[in-house]
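Worksheet: the structure to be examined is printed underneath.
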Amino acid sequence: MKRSDINAIIRDADAFIKARGFYLPPFAYWTPEEWCKKGEEAYEIVENHMGWEITDFGLGNYRKHGLFLFTVRNGNPANLITMRGKIYAEKLMIVDEHQITPMHFHWSKMEDIINRGGGDLVIQVHNATPEGQLATSNVTVSVDSVVQIVPAGTHIVLEPGQSLSVPVGLYHEFTAQGGRVLVGEVSMVNDDDTDNRFLDHAGRFPAIQEDEPPLYLLCTDYSKYYHPRS
Ligand SMILES: [Fe+2]
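Counted the way numbering that gives the first Met the number 0 counts, the sequence shown spans residues 0 to 229.
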């Protein structure tokens, strides 16, 4: 993806988030120059991959297969071993109409996906076979803590305010209908390096063509700018 496209997506997303009455923490707006001056106090943000993220899932067409994310908080995967400290995460996402986040499940993260406003969020669900393919068995889902049993491949439609609990190993793919959706995610610690299992090959972090300076840093940019003195 081009950096100029990423900057444009961030500007547009920031305006949409504010228009929906949600506000991001100050570190969202630290400039690359400010990041260069940050010390150990900001380590958690970097270490736990918090902040801006834009992905085209390595498929090269963000409008078709893409997702905007901002990780507001996240613990460290190591905390899951000790079950101490921050073992939770919160993300904000924006899903456009007809924009797809491809079918995937998580090996260890359980997440609630929440429609925070806009159009409807449509989530297709499948159990996984032992071989990691789509199962044909009925799926037990919990929508706002109300349990339903639905056929494989059902599209769960979440209106603003509604949420779906996605347990470990449940395949899910989502898009928006009737307008762009601001999506919340409340989950266990998030580890995008190891925890995503896509049905078809998809990458998580796109290669970036640097055709202009970054407006704000993506979580994958920190290592280039953040060098705290030890
Ligand atoms: Fe997911």
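No residue lacks a Cβ here, since even glycine has one placed at the ideal position from N, Cα and C. All of these numbers come straight from a predicted model, not from anything done at the bench.
Three-pair Cβ contact test at 8 Å for the region 213-222 versus the region 105-118
no
Output yes or no for whether 8 Å exceeds the beta carbon distance between V182 and I80.
Cβ distance not < 8 Å, so V182 and I80 don't count as in contact.
Going by CA-CA distance only, name the one from I207, T174, G202, H154 that's closest to M92.
T174
Between the CA atoms of D210 and G118 - distance to the nearest angstrom
Taking the straight line from one Cα to the other gives about 33 Å.
Indicate the three-state DSSP secondary structure (helix, strand or coil) for E40 in the structure shown.
helix
Mapping DSSP to helix, strand and coil, what is I66?
One detail in the question is off: residue 66 reads as Leu in this sequence, not Ile. Of the three classes helix, strand and coil, the one that applies to L66 here is strand, per DSSP.
Going by the DSSP bridge assignment, what does K1 pair with across the sheet?
Q208
Please report the straight-line C-alpha distance between H200 and I207, rounded to a whole angstrom.
If I take the Cα positions, the gap works out to 19 Å.
Is DSSP giving D220 helix, strand or coil here?
coil
Is it buried or exposed for I147, if we count other Cβ within 10 angstroms and need 16 for buried?
A small correction: the amino acid at residue 147 is Gln; Ile does not occupy that position in the sequence shown. Exposed is the call here.
Within its chain, find whatever has a CB closer than 8 Å to the CB of E96; leave out the 5 residues flanking it on each side and keep chain order.
G118, T174, A175, Q176, G177, G178, R179
Contact between the region 45-52 and the region 64-76 (3+ Cβ pairs under 8 Å):
yes
Let me make sure I understand the geometry here. Which of I53, R196, M109 has the alpha-carbon closest to that of E130?
The shortest Cα separation from E130 among I53, R196, M109 belongs to R196.
Start and end residues, beta strand (DSSP E) containing I148
145-149
For H154 and V185, I'd like the C-alpha separation in whole angstroms.
21 Å
I'd like to confirm the pairing. Which residues does DSSP put opposite S164 in its beta bridges?
D111, S141
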